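Number of protein chains: 2
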Amino acid sequence: MKDFPRNESEIIAQIQRFGRSSGGAAARIGIGDDCAVLHAPAAGCELLATTDQVIETKHFLRETHPAQAVGSKVITRGLSDIAAMGGRPTWFLLSLQLPDWTFGEWLEQFLQGMFDKIDELQLSNFQLVGGDLAAAESFSAHVSVTGEARSGEALLRSGASPGDGLWVSGQLGGSALGFDLLASGAKDGPALARHLYPHPRLELGEELRRRGATAAMDLSDGLSTDLARMAEASGVEARVDGHLLPLFDGASREQGLHGGEDYELLFCAPADFDSTGLDVTAIGEMRAGSGVWLTDEGRALDAKGFDHFR
Amino acid sequence: MKDFPRNESEIIAQIQRFGRSSGGAAARIGIGDDCAVLHAPAAGCELLATTDQVIETKHFLRETHPAQAVGSKVITRGLSDIAAMGGRPTWFLLSLQLPDWTFGEWLEQFLQGMFDKIDELQLSNFQLVGGDLAAAESFSAHVSVTGEARSGEALLRSGASPGDGLWVSGQLGGSALGFDLLASGAKDGPALARHLYPHPRLELGEELRRRGATAAMDLSDGLSTDLARMAEASGVEARVDGHLLPLFDGASREQGLHGGEDYELLFCAPADFDSTGLDVTAIGEMRAGSGVWLTDEGRALDAKGFDHFR
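Chains as they are written, first to last, in our numbering: chain X, 1 to 310; chain E, 311 to 620.
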């Protein structure tokens, strides 16, 4: 059995071993001082910043979710927000609440999952630059991820106009289906992989920005909830044709409309948008007005996605 | 009784009401999109970044610590790290785990304490630019604070050289004394105020940088622990004369040597350092070697400050 750390500086050293593998272009001074000291963004760029958390019992269960999947999801949540802005990730901070049972193998696997995801995305300059650790009753991880985008060009939720087409990337409902399968004891399969190891759409986000998308956000809480947010931010009505929804293989229409954690991109673009070669599907359009309308059923689409406090 | 929020968007609106009061120089797009969009640092400056957490039962007790003090301490922990680098704070992210009992008045007071501290420090351009919320069994707050400093000029832990004088700001042991008094039922007094509402030494940090300090860090885990870290980072031996320690009124020598959460600055400076007008005290010097030596007792000073995992 490996010799695992039992005090704060040894846990920091354990994290640093992974951190070093992620390159070091962002920081002049990384982990180990009161603050990281970071290079300014490239000339002509603005900084992007987001924070996200993953909490035991709320976002995952020890019994069903491998530690590697938890680590992968923590960093994916942050990276997906950078993708939704059409940005490039630069560095991140990690704040951990660690109960006794996480020391050693579980934490090692958690970190492995996080840095495997970073490697898979070939983010060789994306760097862990600092963090904070505390002993706690239950596990949670809080990540602050930054990125950069050309000044004035980041994709906002508020940029949609009446007449814009409404699009989504990939397929919807796979994570919700995977979660149900996991709860009923399934051990593998595409939907399970989708739930456990979602993929932030970084390359697509940058490409959408280049091709003139007008608005974007990531689908973390479910289409019905997130689309209502985009319609409100843009001051328009969103109209979705349910028949056009690209459902994940085996997912129900309800899972496609309301299921969370797909981490696909929801975006708007002018009518002449060129989608050649992109894994995206037109699902409706924006009009003058407010709210979300499900055109094939002729009714308003209520937000039934995830709300932590409902 | 006031009407307090019960769903995620209403809690976000509650936070935004406070956030707006803190100005808006840092962000082009603040709370409400997938990411904040932030101006690059001023020309010739590097970015500073740190993350810190405050957890129920580990860092405070509901029974003894007012919500305002918790909010004040969360932001002070981050700002104190910026102070230790000699930097100016620019923006922050806030990630909250919220149990039911925090909804309403407690959260309102928590936010009030946080933004009162920001106002007290006259940080009119320091801005809350984003966050994340989740329902949870117990409360924690995770803050990521950024700042900026002239390129190459941030004060590091690793900058001390043999021959440098060793200094601390303010008085030590007040927070440890206050914590003991609080636990024994005290309701007010200077030590209690020191424990509940510590003060990040932002102005002093910038002034130390201007006056040529060689190394600095903030005292969060206790002098004996933090000084050992500085000596190790700088590759020198630290020699402290215990008789010179500026003890907080009523604090014991042990509280001064090992007590945490004073948030004073520990720093090194050349022998000709001009301390005129600064609230600082020379307590020893750095020499070639390693470790920490308590000269008035002629023994090594063991690190007995705070370690979450010991």
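A virtual CB, placed ideally from N, CA and C, is assigned to each residue, including glycine.
The structure displayed is predicted, hence computed values, not measured ones.
Scanning the segment 364-448 of chain E for uninterrupted beta strand (DSSP E) segments of 3 residues or longer gives 398-408 and 437-445, listed from N- to C-terminal end. Separation of alanine 134(X) and glutamate 366(E) (C-alpha to C-alpha, rounded to the nearest whole angstrom) is 11 Å.
Taken atom to atom, the span from the alpha-carbon of leucine 219(X) to that of serine 80(X) is near 9 Å. In this structure, DSSP gives alanine 486(E) a helical state, which the three-state scheme calls helix. Of all residues in the segment 444-466 of chain E, those with a C-beta nearer than 9 Å to a C-beta of chain X are Ala444, Ala445, Ala446, Glu447, Ser448, Ser450, His452, Val453, Ser454, Val455, Thr456, Gly457, Glu458, Ala459, Ser461, Gly462, Ala464, Leu465 and Leu466, reading in chain order. When rounded, the separation of the alpha-carbon atoms in aspartate 241(X) and alanine 213(X) is 20 Å.
Excluding sequence positions up to five before and after aspartate 249(X), its CB lies within less than 7 Å of the CB of Pro190, all in the same chain and listed in chain order. Collapsing the DSSP output to three states places isoleucine 31(X) in coil. For aspartate 226(X), the three-state secondary structure derived from DSSP is helix. For the segment 349-379 of chain E, the set of positions with a beta-carbon nearer than 8 Å to some beta-carbon of chain X reads His349, Ala350, Pro351, Cys355, Glu356, Leu357, Leu358, Ala359, Thr360, Thr361, Asp362, Gln363, Ile365, Thr367, Lys368 and His369 in chain order.
About 19 Å separates the beta carbons of leucine 123(X) and serine 169(X), which is beyond the 8 Å limit, so they are not a contact pair. In this structure the segment 55-72 of chain X touches the segment 98-115 of chain X; the number of beta carbon pairs closer than 8 Å is three or more. Cβ-Cβ distances below 6 Å link methionine 540(E) to Arg467 and Met527 in the same chain, with the five nearest sequence neighbours on each side left out; the list follows chain order. Leaving aside the five residues that flank glutamate 153(X) on each side, the residues in its chain whose CB is nearer than 8 Å to its CB run, in chain order, Gly86 and Arg209. Beta-carbon to beta-carbon, histidine 452(E) and histidine 142(X) are separated by about 4 Å, close enough to satisfy the 8 Å threshold. One Cα belongs to leucine 491(E), the other to alanine 303(X), and the distance between them is close to 50 Å. Contact between serine 534(E) and glycine 615(E) holds, since their C-beta atoms are separated by about 5 Å, short of 8 Å. Using a Cβ-Cβ cut-off of 9 Å, cysteine 268(X) does not count as an interface residue toward chain E, since no Cβ of chain E sits closer than that to its own. Secondary-structure assignment with DSSP links phenylalanine 273(X) through no beta bridge to anything. For arginine 597(E), the uninterrupted beta strand (DSSP E) run begins and ends at 590-597, by DSSP. Taking all protein chains shown into account, glutamate 120(X) has fewer than 16 neighbouring C-beta atoms within 10 Å of its C-beta and is therefore exposed. Pairing leucine 47(X) with histidine 349(E) gives a Cβ-Cβ distance under 9 Å. Distance check between serine 140(X) and each of Ala176(X), Thr102(X), Leu155(X) and Val129(X) places Thr102(X) closest, using alpha-carbon atoms only. Short of 7 Å from the beta carbon of arginine 239(X), and not among the five residues preceding or following it, lie these beta carbons of its own chain, in chain order: Gly284, Glu285, Arg287, Trp293 and Thr295. The beta carbon of proline 99(X) sits closer than 7 Å to those of Ala136, Glu137, Ser138 and Phe139, all from its chain and outside the five residues before and after it, given in chain order.
Per DSSP, the continuous beta strand (DSSP E) segment holding histidine 452(E) begins and ends at 450-460. In this model, aspartate 362(E) and leucine 506(E) are separated by some 17 Å (Cα to Cα). With respect to chain E, the C-beta atom of methionine 114(X) has no partner C-beta closer than 9 Å. Within chain X, no residue has its CB atom less than 7 Å from the CB of aspartate 474(E), the nearest being about 17 Å off.
For serine 290(X), the nearest beta carbon of chain E is not closer than 9 Å to its own beta carbon. For serine 405(E), same chain residues with a beta-carbon under 7 Å away, outside a window of 5 residues either side, are Gly441, Asp442 and His452 in chain order.
Annotation for leucine 196(X): the continuous alpha helix (DSSP H) segment containing it runs 190-196.
Residue-level contact by beta carbon holds for asparagine 7(X) and chain E, with a gap shorter than 9 Å. Against chain X, the CB of tryptophan 477(E) has no partner CB under 9 Å away; the residue lies outside that interface. A Cβ of chain X is located within less than 9 Å of the beta carbon of alanine 526(E). What serine 382(E) touches in chain X, judged by beta-carbon distance under 7 Å, is nothing: the nearest beta carbon there is about 18 Å away.
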